[in-house]
Amino acid sequence: MAPRVQLEKAAWRWVETVKPEDIRQEHIELAYRINLPACKRGTCRRNCKGNPNCLVGIGEQAWLGEIDENAFHNIDDPNSERRDKNTFVGLTNLGATCYVNTFLQVWFHNLELRRSLYQCHNSRAQEHNNKSDYEPQSICEHLQYLFALLQNSNRKYIDPSGLVKALGLDTGQQQDAQEFSKLFLSLLEDTLSKQKNPNLQNVIQLQFCGQFSYVTVCNQCGRSSALPSRFYELELNIQGHKNLTECVTEFLKEEKLDGENRYFCECCQSKQNATRRIRLHSLPPTLNLQLMRFVFDRQTGHKKKLNTFISFPEQLDMGPFLEGKEDQKCVYELSAVLIHRGISAYSGHYIAHVKDARTGDWYKFNDEEIEKMEGKKLQLGIEEDIAETVKSQTRKPKCSKGYHCSRNAYMLVYKVQEEKSLDPSMTNVEVPAFLQRLVDQDNHKFEEWCNEMADMRKQSVDKGKAKHEEVKELYELLPARDGEQYEFIPLDWLKKWLDDSTATKEIDCSFFLCSHGKLHPDKVGESKRVSLQAAQLLYERYAGGPRLDASSLCRECVSQRCRVLRLKNQLNEDYKEVSNLVKRTLSGEGYWAGKASLRSWRQLALEQLEEDEHETKHSNGQTNGQGPHPNNIKEFGPELSEGTEDEMKTFNEDIVCSHGGLSILETERKLVSSEVWTKLREYFPKAPEFNQNQEPCQQCLVSGP
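For the sequence shown, the UniProt record's numbering assigns the number 1 to the initial residue and increments by one for each residue that follows.
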């Protein structure tokens, strides 16, 4: 189909030979482009807006043919939120809380800690009724409920925001993960110590607490002193080391105390050179090893991350490092690896690899997403081992069998190796009845939500299928055949009708009306001509109006447009003729014309037409009270829209003095031939007329202009 501008010109080409009073129905139909051929599917890359019969490219492609019912789903499948069988429950990332989620998953998989937390007294939960949602208050209550949901919830992931809020954590700012671990265990220890059950008061110490002492030996007298201390984790320097053994060895190595750092010996009663080292006495069942990746940089004044590769074993023998108690169990098995992905100490993402104590399977916990590793071996994966955009990419060293290597691991959790027990109570932790009742209540809410979403999805599919059938039926009926009755429907409405993402409103044609209450010729490009049958069905289903049928083609607007276009054509011819005539040497009778008037007479002629033809101005200026109409003088070409001189209102007024006579300023007027004046008088019959013999105003000559 020809471009829109060409279609518009073709629609009005007949005005060159037809006067307004001679307009027939065929001319009106040409102006409204009734008989333009309809475009066939595949011939248009996009819809032809200049052709009211083009119904291609308005959004119909998505509906024609067979459609998979999944295309009608604007609601996610609620089952995608359901916990997969034989897997664990994830935790929602609230912004910058992924580090909290990793620790929660690690602690949840500590069966002894979980079992102990379930035994804590909780009158609020025990007395809670099902009429309202349970809202934990204390840290212990939050952990109880969270662990119960992690164990028996039907949800794929749960929201830890209650606990995060109770801890006073900023969800928008990432905290020091290693510092958080220590502070939280300390807080939990303090909370459990207040329990009446004596078996719960020392749970944290029994699970995580070991003992060492700082042993100092005076070089002068040889006296040895020991300062005992407890630890919940060992903080190991990794800088300059390649494996975990080196890190532990450095932690326990002897340190020299000399110079300003000399030791005050009570025996010598003076400062003496000495040596100091850490002596390990006992280790907890759960051994937390912090790899100090985040260290203070004195040059920048900020923390930085060390991207050093450290290898660590699946089985760790701490016997060589332990002193005193030879009967203590010293062999540990790796149970969790906490990973920080990113190059900055202040940003990045935290994930956890945790071993299921019941099955020995490894899982990767990444907030809401949980992935079971194949086989029984830990698989860190390349994404944990590569620090993104590190300036110097150190090649990952080869690991021996039974070892793993990472540049992003910042905490290792080891569990003391136990003999395989056949007692299921050792690995099965039952949720207490009072907590299970709360979990059941939440599961019931979740199932109700799933059913509600499933119903909404079914309604969406049913609605989509019905719309599909409607479109297939009506689109075939849309084209108006030759000789058939028809109506005009807004193109924008048809597009929205075919757009499944928007609700279809009633048909509104009011903006398309001219001042005579009919279809404005300028709105043809924004509407489509459809069959009466299709229009009838659309209005029955969607209502609206006013309806625009064949009787809505406006003869008055077409006549007015014809008159204006013919004037334009005549003006062009007369302008050329006048321009040539004024250049010729004057012979015979002449008339005075203002130079400013000669420069702007075409514009004045069109303005005069608007004043004389009020209907034209009304039709082209305002549409049914809806504001300015787009087709004004400028649509007829730039040569007709030049500005008037000093807002001139009447032709030749620029050479009329204040007394109504001929201006004495000869430089502002020009003599034109009677032939030119006759042409101009046709457009301005009331213009002031001064022949060449007209005397200038005598009053002006006396008093000045």
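C-beta atoms are modelled at their ideal positions from N, C-alpha and C, and glycine is treated no differently.
If you're wondering where the values come from, they're calculated on a predicted model, not measured in any experiment.
- prompt: Can you tell which of Ser551, Met411 and Glu682 has its C-alpha closest to the C-alpha of alanine 177?
  reply: Start at 1 with the first residue of the sequence shown, and residue 177 comes out as number 177. The shortest C-alpha separation from alanine 177 is found at Met411.
Just how far apart, CA to CA, sit leucine 200 and arginine 279? Counting from one through the sequence shown, the residue named residue 200 turns up at place 200. Counting from one through the sequence shown, the residue named residue 279 turns up at place 279. Cα to Cα, leucine 200 sits roughly 29 Å from arginine 279.
| message | Quick check: the Cα distance between proline 228 and arginine 276, rounded to an integer number of angstroms? | response | Within the sequence shown, residue 228 is the residue found at index 228, counting from 1. Within the sequence shown, residue 276 is the residue found at index 276, counting from 1. Going by the C-alpha atoms only, they are around 13 Å apart.
- Task: Establish whether the CB of glycine 360 and some CB of chain D are separated by less than 8 Å.
- Result: The structure shown contains no chain D; it holds only a single protein chain.
Is the CB-CB distance between lysine 495 and threonine 504 below 8 Å? By 1-based counting over the sequence shown, the position of residue 495 is 495. By 1-based counting over the sequence shown, the position of residue 504 is 504. No; because the gap between Cβ atoms is not below 8 Å, this pair is not in contact.
ask   = Shortest alpha-carbon distance to threonine 92 belongs to which of His516, Val564, Phe365 and Gly375?
value = One-based indexing of the sequence shown puts residue 92 at position 92. Out of His516, Val564, Phe365 and Gly375, Phe365 has the C-alpha closest to the C-alpha of threonine 92.
Compare the Cα-Cα distances from histidine 281 to each of Ala226, Lys131, Thr300 and Cys405 and report the closest residue. By 1-based counting over the sequence shown, the position of residue 281 is 281. Looking at the Cα atoms, Ala226 is the closest of the given residues.
Assign lysine 40 to one of three DSSP states: helix, strand, or coil. Working through the sequence shown from its first residue, we reach residue 40 at position 40. Lysine 40: coil per DSSP, three-state reduction.
Secondary structure, beta strand (DSSP E): runs of 3+ residues fully inside the stretch 400 to 476 | 403 to 406 and 409 to 416
Distance, Cα to Cα, tyrosine 232 vs glutamine 459? Reading the sequence shown from its first residue, position 232 is the one you call residue 232. Reading the sequence shown from its first residue, position 459 is the one you call residue 459. Looking at the two C-alpha atoms, the distance is approximately 56 Å.
Practice problem: Could you tell me which residues DSSP pairs with cysteine 218 in its beta bridges? | Solution: Taking the first residue of the sequence shown as 1, we reach residue 218 at position 218. Cysteine 218 pairs with Ala274.
Quick check on threonine 87: does DSSP put it in helix, strand or coil? Counted from its first residue, the sequence shown places residue 87 at position 87. Note: threonine 87 maps to coil in three-state DSSP.
TODO: Would you please state the rounded distance, in angstroms, between the beta carbons of isoleucine 489 and valine 439? I believe it to be under 8 Å.
DONE: Locating residue 489 in the sequence shown gives position 489, counting from the first residue. Locating residue 439 in the sequence shown gives position 439, counting from the first residue. Contact doesn't hold; Cβ gap of about 56 Å is too wide.
_Using the Cβ count rule (16 or more neighbours within 10 Å means buried), how would you classify glycine 375?_
The residue you call residue 375 lines up with position 375 of the sequence shown. Glycine 375 should be labelled exposed.
Rounded straight-line distance, which links the Cα of valine 564 to that of phenylalanine 636
Position 636 of the sequence shown holds residue 636. Position 564 of the sequence shown holds residue 564. Interpretation of phenylalanine 636 is limited by its pLDDT of 31, a score under 50 that renders its predicted location unreliable; no figure is taken from the coordinates.
| message | By the three-class DSSP mapping on this structure, what secondary structure does residue 707 have? | response | Outside the shown range of the chain, which is 1 to 705, sits residue 707, and nothing can be said about it.
Candidates Gly590, His468 and Ser559: which alpha carbon is nearest leucine 64's?
-> Mapped onto the sequence shown, residue 64 falls at position 64. That would be His468, whose Cα lies nearest to the Cα of leucine 64.
- Message: Are the CB atoms of lysine 523 and leucine 598 within a distance shorter than 8 Å?
- Response: By 1-based counting over the sequence shown, the position of residue 598 is 598. By 1-based counting over the sequence shown, the position of residue 523 is 523. Not a contact, by the Cβ cut-off of 8 Å.
- Write down the C-beta distance between valine 203 and proline 285 rounded to the nearest angstrom, noting that I regard them as a contact closer than 8 Å. Taking the sequence shown and counting its residues from 1, one reaches residue 203 at position 203. Taking the sequence shown and counting its residues from 1, one reaches residue 285 at position 285. With a Cβ gap of about 11 Å, valine 203 and proline 285 do not count as contacting.
With H, G and I counted as helix, E and B as strand and the rest as coil, what does DSSP make of isoleucine 343? For the purposes of this step, residue 343 is identified with residue 343 of the sequence shown, where counting begins at 1. In the structure shown, isoleucine 343 sits in coil (DSSP, three-state: anything other than H, G, I, E or B).
Worksheet item: For tryptophan 63, which three-state DSSP category applies?
Response: Here residue 63 refers to the residue found at position 63 of the sequence shown. Looking at tryptophan 63 - three-state DSSP - the assignment turns out to be coil, as it is neither helix nor strand.
- Task: Inspect the beta-carbon positions of isoleucine 339 and isoleucine 351 and report whether they are closer than 8 Å.
- Result: Within the sequence shown, numbered from 1, the residue matching residue 339 stands at position 339. Within the sequence shown, numbered from 1, the residue matching residue 351 stands at position 351. It is a contact, given that the beta carbons lie within the stated cut-off.
Item to check | contact_flag[the stretch 557 to 573, the stretch 20 to 38] where n(CB pairs < 8 Å) is 3 or more | outcome: yes
Along the chain, where does the beta strand (DSSP E) containing proline 198 start, and where does it finish? By one-based count along the sequence shown, residue 198 stands at place 198. First-last for proline 198: 198 to 201, but that is the alpha helix (DSSP H), not the beta strand (DSSP E).
When the distance is taken between beta carbons, is proline 52 closer than 8 Å to serine 551? The residue given as residue 551 occupies position 551 in the sequence shown. The residue given as residue 52 occupies position 52 in the sequence shown. Going by C-beta atoms, serine 551 is not nearer than 8 Å to proline 52.
Do glutamine 269 and tyrosine 263 have their C-beta atoms within less than 8 Å of each other?
Numbered from its first residue, the sequence shown carries residue 269 at position 269. Numbered from its first residue, the sequence shown carries residue 263 at position 263. Cβ distance not < 8 Å, so glutamine 269 and tyrosine 263 don't count as in contact.
Pull up the distance between the alpha-carbon of cysteine 697 and that of asparagine 580, whole angstroms please. Working through the sequence shown from its first residue, we reach residue 697 at position 697. Working through the sequence shown from its first residue, we reach residue 580 at position 580. The straight-line gap from Cα to Cα measures roughly 30 Å.
- In terms of residue numbering, what span does the beta strand (DSSP E) encompassing alanine 352 cover? Reading the sequence shown from its first residue, position 352 is the one you call residue 352. First-last of the beta strand (DSSP E) with alanine 352: 349 to 355.
For arginine 529, the three-state DSSP class (helix, strand or coil)
Here residue 529 is taken as the residue at index 529 of the sequence shown, counted from 1. Arginine 529 falls in the strand class under three-state DSSP.
Local Cβ density within 10 Å of proline 37, reported as buried at 16 or more and exposed below that
On the sequence shown, position 37 is the one that residue 37 refers to. It is exposed - the Cβ of proline 37 has fewer than 16 other Cβ atoms within 10 Å.
Give a yes or no on contact between the stretch 447 to 463 and the stretch 75 to 82, applying the rule of three or more CB pairs nearer than 8 Å. yes
(request) Report yes or no: do the stretch 118 to 127 and the stretch 430 to 439 share at least 3 C-beta pairs separated by less than 8 Å? (result) yes
- Task: Measure the CB-CB distance between leucine 316 and tyrosine 403 and report whether it falls below 8 Å.
- Result: The count along the sequence shown starts at 1 and reaches residue 316 at position 316. The count along the sequence shown starts at 1 and reaches residue 403 at position 403. The answer is no: Cβ separation not under 8 Å.
- Query: Is the number of C-beta pairs between the stretch 576 to 593 and the stretch 674 to 683 that are closer than 8 Å three or more?
  - Reply: yes
Could you please give me the residues that DSSP links to residue 739 through a beta bridge? Outside the displayed range of the chain (1 to 705) lies residue 739, so it cannot be described from this structure.
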